[in-house]
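J.:
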Amino acid sequence: MSEQELRSHVGPYFGEFGGRFVPESLIAALDQLEATYNFAKTDPEFALQLAELHRTYTGRPSIITEVPKFASHAGDVRIFLKREDLNHTGSHKINNVIGQALLTKRMGKTRVIAETGAGQHGVATATAAALFGLECVVYMGKVDTERQALNVARMRLLGAEVIPVTTGTATLKDAINEALRDWVANVDDTHYLLGTVAGPHPFPTMVRDFHSVIGNEARQQMLDEFGFLPDVVAACIGGGSNAIGIFHAFLDDPSVRLLGFEAAGDGIDTPRHAATLSLGRPGVLHGARSYMLQDEDGQTQDSHSISAGLDYPGVGPEHSWLKDLGRAEYRGISDDEAMQALRLLSRTEGIIPAIETAHALAGALKLGKELPAGSSILINLSGRGDKDMETAARYFDLLDAKG
Amino acid sequence: MSENTSPTANRLKANRDAGRGSLVGYFPAGYPTIQGAIDAAVTMCENGVDVLEVGVPYSDPVMDGPVIQEATQTALEAGFRLKDVFTTVREITKVVDTPVLVMTYWNPVLQYGVERFAADLAAAGGAGLITPDLIPDEAKEWLEASEKYNLDRVFLATPTSSDERLKRASELSRGFVYSVSTMGITGAREEVDKLARGVVAGVRRVAPEQNTCVGIGISTADQVDEVNDYSDGAIVGSAFVKAFQHGGLEELKAKVQELSAKINHS
Chain E
1 MSEQELRSHV GPYFGEFGGR FVPESLIAAL DQLEATYNFA KTDPEFALQL AELHRTYTGR
61 PSIITEVPKF ASHAGDVRIF LKREDLNHTG SHKINNVIGQ ALLTKRMGKT RVIAETGAGQ
121 HGVATATAAA LFGLECVVYM GKVDTERQAL NVARMRLLGA EVIPVTTGTA TLKDAINEAL
181 RDWVANVDDT HYLLGTVAGP HPFPTMVRDF HSVIGNEARQ QMLDEFGFLP DVVAACIGGG
241 SNAIGIFHAF LDDPSVRLLG FEAAGDGIDT PRHAATLSLG RPGVLHGARS YMLQDEDGQT
301 QDSHSISAGL DYPGVGPEHS WLKDLGRAEY RGISDDEAMQ ALRLLSRTEG IIPAIETAHA
361 LAGALKLGKE LPAGSSILIN LSGRGDKDME TAARYFDLLD AKG
Chain A
404 MSENTSPTAN RLKANRDAGR GSLVGYFPAG YPTIQGAIDA AVTMCENGVD VLEVGVPYSD
464 PVMDGPVIQE ATQTALEAGF RLKDVFTTVR EITKVVDTPV LVMTYWNPVL QYGVERFAAD
524 LAAAGGAGLI TPDLIPDEAK EWLEASEKYN LDRVFLATPT SSDERLKRAS ELSRGFVYSV
584 STMGITGARE EVDKLARGVV AGVRRVAPEQ NTCVGIGIST ADQVDEVNDY SDGAIVGSAF
644 VKAFQHGGLE ELKAKVQELS AKINHS
């Protein structure tokens, strides 16, 4: 295939992956969403609205920061961060949310529902709902409402209803199940504002497109500010939205290696991990065929990660396709490696990353030592770590004992 | 027409010809144990269920409400394995001649191997599959396997399905089309949605020869009777599971008799 074909590829299928494995009840809504999105894509008015909101509300373009002191721990390489943490609401998630909120208005729907793991997508959705005057319900695994309590408070402050999900493993995958059940029942007035590049078509393509602004900006910024393309583009990967967002612009640059770092939890050789692409096999979960963690019978297996946002046993179908094509590589990073990288970036550069993002930083520290001297790595700094202070404080014993 | 060779379609038609309605009853395999589910299913078939649905417990059942979710999760925690569904079907069909359909989410079938699953289901005496998260568009492999093993395939028709989609689901279904009575997941509701009549009318319009049964939200004898006035059968799940949870086989038996009473004597 010609190189250009990778970037221009759209769903429903990415090779053998993707599709629409959902109840018939949702097909009409998916068709409506696809038609609305396809029309919006060709409508200059939509592009203008989106760009204006990004300029005046999201805070785009996000900057690139070179981090030489951090890079000195990664061998002889230069490291650049694409600062999605500086976006309004603190992560890349807002890019997709603003786009889908505009589509919700176009479809005449008045209510949005969302799933959230770390709470970043839930906060972004609650924010857009407040901005656009939409009713908002966020489903969040009960386990996650406890480890990300601050984000629960943020969502409620923004006027959203947060529903803790107690079924199954009470984490992100079960929050998606509950959101799908809500959508089946309320599809007339409700849009499911899915937060990652998983799920049934058109979500993987549409969410990717909304996040592709990350890579488009970053590629141009690298050329304009430094005069070269990076040798490696790296990102953390759970469902895969921030990773595909920065990868997409580089898919047809054969000199650029693409690396996704998954959560390996206790370790890639232990049963407690969320390394879907490294250790899973293809199956159907949440509406699409993709790599997933499952047992012999096709029952979804529990994932484990210190990071709520990566604690997901599935992954977007385009990543499965890129893995099988050999265009992108995926590796696991343990909880401890991620936490050490989080502390290192904080101390060397004064930037506190989200624990999710810290997986990409830890990956770069290891990868840098494998690369030829003078190589460059561009990392998507997908979110900031404010929400993780409680976890970090406990992990590093940062708080004074109560007296 | 291939429907003629479907025991499910034959049973629905025989009831209709006899001036009776039909009751399709759901119970999950492996709940509360493998044998317990077999006993429950046999009880249902012996007391008024015309077509049986055996549910496959699955980790992510997005079409199921809390009652069935809780039951299937219990089955999984008790160690249910996919191969147990074939044992369950075999033991039920040994005792009763009720057509037994398996209702399953798609990933377990995919992982077992679609053709292998079809072969083992046919060998166990199963009539076919109801596939809540497999739409005809994604079902190529299953269409082929079900043809080869002469199995029923039940696709869903919903209030939001276009005529084109209703036609496709109706033409490709074998046994019956599952008309979803309301926009929502499984679980008893006070009033079966009027949307059901519309879905059934749609199926009748595009595929007059096809059977269609109505499910989701049905829990009373009046509802079962009403639904049978305009369709080929009423599908009941949560109400049976709830009765069993509350009072074991005795209460399940009573509930099946209660829900089938009106259609048996009309």
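Residue numbers (our numbering), protein chains in the order written: chain E, 1 to 403; chain A, 404 to 669.
All C-beta atoms, glycine included, are put in the ideal place defined by N, C-alpha and C.
If we call anything under 7 Å between Cβ atoms a contact, is Ala243(E) one with Ala235(E)?
T.: In contact: Ala243(E) and Ala235(E) (Cβ atoms closer than 7 Å).
J.: How is Gly329(E) classed by DSSP in three states: helix, strand or coil?
T.: Gly is not the amino acid found at residue 329(E); the sequence shown has Glu there. Reduced to three states, the DSSP call for Glu329(E) is strand.
J.: Within the region 467-550 of chain A, note down every full beta strand (DSSP E) run reaching 3 residues or more, in order along the chain.
T.: Listed in chain order, they are 503-506, 531-533.
J.: Please classify Tyr633(A) as buried or exposed, where buried requires at least 16 neighbouring CB atoms within 10 angstroms.
T.: Exposed, by the Cβ-count rule.
J.: Quick one: which residues of the region 277-301 of chain E get their C-beta closer than 9 Å to a C-beta of chain A? List them in chain order.
T.: Cβ contacts with chain A come from Arg281, Pro282, Gly283, Val284, Leu285, His286, Gly287, Arg289, Met292, Gln294, Asp295, Glu296, Asp297, Gly298, Gln299, Thr300, Gln301.
J.: Would you mind working out which of Val256(E), Leu258(E), Ala274(E) sits nearest Ala264(E), comparing C-alpha positions?
T.: Among Val256(E), Leu258(E), Ala274(E), the Cα nearest to that of Ala264(E) is on Ala274(E).
J.: Would a C-beta distance cut-off of 7 Å place Val10(E) and Asn96(E) closer than the cut-off?
T.: For Val10(E) and Asn96(E), no; Cβs fall outside 7 Å.
J.: Does the region 355-370 of chain E come within contact of the region 382-393 of chain E, defined as at least 3 CB pairs closer than 8 Å?
T.: Touching, per the Cβ criterion.
J.: How big is the Cα-Cα spacing for Ser212(E) and Asp297(E)?
T.: Rounded to whole angstroms, Ser212(E) to Asp297(E) spans 36 Å at the Cα level.
J.: Could you tell me the distance, in whole angstroms, from the CA atom of Leu151(E) to the CA atom of Glu5(E)?
T.: Note that residue 151(E) corresponds to Asn in the displayed sequence, not to Leu. Roughly 39 Å between the two C-alpha positions.
J.: With H, G and I counted as helix, E and B as strand and the rest as coil, what does DSSP make of Gln613(A)?
T.: Looking at Gln613(A) - three-state DSSP - the assignment turns out to be coil, as it is neither helix nor strand.
J.: For Ala542(A), which residues of its own chain have a beta-carbon under 8 Å away from its beta-carbon, when the five flanking residues on both sides are left out?
T.: Thr534, Arg556, Phe558, Leu575, listed in sequence order.
J.: Buried or exposed: which applies to Arg55(E), given that a residue is buried once 16 or more other Cβ atoms fall within 10 Å of its Cβ?
T.: Its Cβ having fewer than 16 others within 10 Å, Arg55(E) is exposed.
J.: Roughly how many angstroms separate the alpha carbons of Met1(E) and Ser255(E), rounded to a whole number?
T.: The pLDDT assigned to Met1(E) is 46, lower than 50, so where the model puts this residue is not dependable; a value taken from the coordinates is nonetheless given after this. Approximately 17 Å, taken between the alpha carbons.
J.: Give the DSSP bridge partners of Cys136(E), in chain order.
T.: Looking at the DSSP assignment, Cys136(E) forms a beta bridge with Val112(E).
J.: Once DSSP output is grouped into helix, strand and coil, what is the label at Gln294(E)?
T.: The answer is strand: DSSP assigns Gln294(E) an E or B state.
J.: Give me, in chain order, the residues of the same chain whose beta-carbon lies closer than 6 Å to that of Pro410(A); leave out the 5 immediate sequence neighbours on both sides.
T.: Only Pro502, Ala530 meet the Cβ criterion.
J.: Using a Cβ-Cβ cutoff of less than 6 Å, which residues in the same chain neighbour Thr89(E) once the five nearest sequence positions on both sides are dropped?
T.: Hits under 6 Å: Val123, Ala124, Thr127.
J.: For the beta strand (DSSP E) containing Phe579(A), name the first residue and the last one.
T.: Here Phe579(A) belongs to no beta strand (DSSP E), and DSSP marks it neither H nor E.
J.: Should the region 320-330 of chain E be regarded as contacting the region 281-297 of chain E, the criterion being three or more beta carbon pairs within less than 8 Å?
T.: Touching, yes.
J.: Taking the alpha helix (DSSP H) that Glu16(E) falls in, what are its first and last residues?
T.: Here Glu16(E) belongs to no alpha helix (DSSP H), and DSSP marks it neither H nor E.
J.: On the DSSP letters alone, give me the boundaries of the beta strand (DSSP E) that His273(E) sits inside.
T.: Note, His273(E): premise wrong, no beta strand (DSSP E); not H, not E.
J.: Anything in the region 454-465 of chain A with a Cβ closer than 8 Å to a Cβ of chain E? List those residues in chain order, please.
T.: Cβ contacts with chain E come from Tyr461, Ser462, Asp463, Pro464, Val465.
J.: So which residues of chain E does Gly587(A) contact, with C-beta pairs closer than 7 Å?
T.: Here the neighbours are Val184, Ala185.
J.: Give me the DSSP bridge partner(s) of Asp555(A).
T.: In DSSP, Asp555(A) forms a bridge with Gly531(A).
J.: Please name the residue in Ala522(A), Thr496(A), Asn631(A) whose C-alpha comes closest to that of Glu456(A).
T.: Taking only the C-alpha atoms, the option nearest Glu456(A) is Thr496(A).
J.: Identify whether Arg600(A) lies in helix, strand or coil by the three-state DSSP scheme.
T.: Residue state, collapsed to three classes: helix.
J.: Taking CB distances under 7 Å as the criterion, tell me whether Leu30(E) reaches chain A.
T.: No - not a single Cβ of chain A is within 7 Å of the one on Leu30(E).
J.: Going along the chain, which residues of its own chain have a beta-carbon closer than 7 Å to the beta-carbon of Glu349(E), five neighbours each way excluded?
T.: Cβ neighbours of Glu349(E) beyond the five flanking positions: Val67, Lys69, Phe70.
J.: Among the residues of its own chain, which have a CB less than 7 Å from the CB of Val284(E), if the five just before and after it don't count?
T.: Only Phe21 meet the Cβ criterion.
J.: Could you check the C-alpha separation between Gly424(A) and Asn631(A) for me, to the nearest Å?
T.: Near 5 Å, if we compare the C-alpha coordinates of Asn631(A) and Gly424(A).
J.: Which whole-angstrom value describes the C-beta separation of Asp231(E) and Arg257(E), a residue pair presumed to lie in contact below a C-beta threshold of 8 Å?
T.: Between Arg257(E) and Asp231(E) the Cβ distance is about 6 Å, and since that is below 8 Å, they are a contact.
J.: At least one CB of chain A closer than 7 Å to the CB of Gly19(E): is that the case?
T.: Yes, Gly19(E) lies at the interface with chain A (some Cβ there is under 7 Å from its Cβ).
J.: Which complete beta strand (DSSP E) runs does the region 294-375 of chain E hold, if anything under 3 residues is left out?
T.: List check, beta strand (DSSP E) in window: 328-334.
J.: In three-state DSSP terms, what is Ser72(E)?
T.: Coil.
J.: Who are the Cβ neighbours of Arg147(E) in its own chain at under 8 Å, not counting the five residues just before and after it?
T.: The residues are Ala308, Glu390, Thr391.
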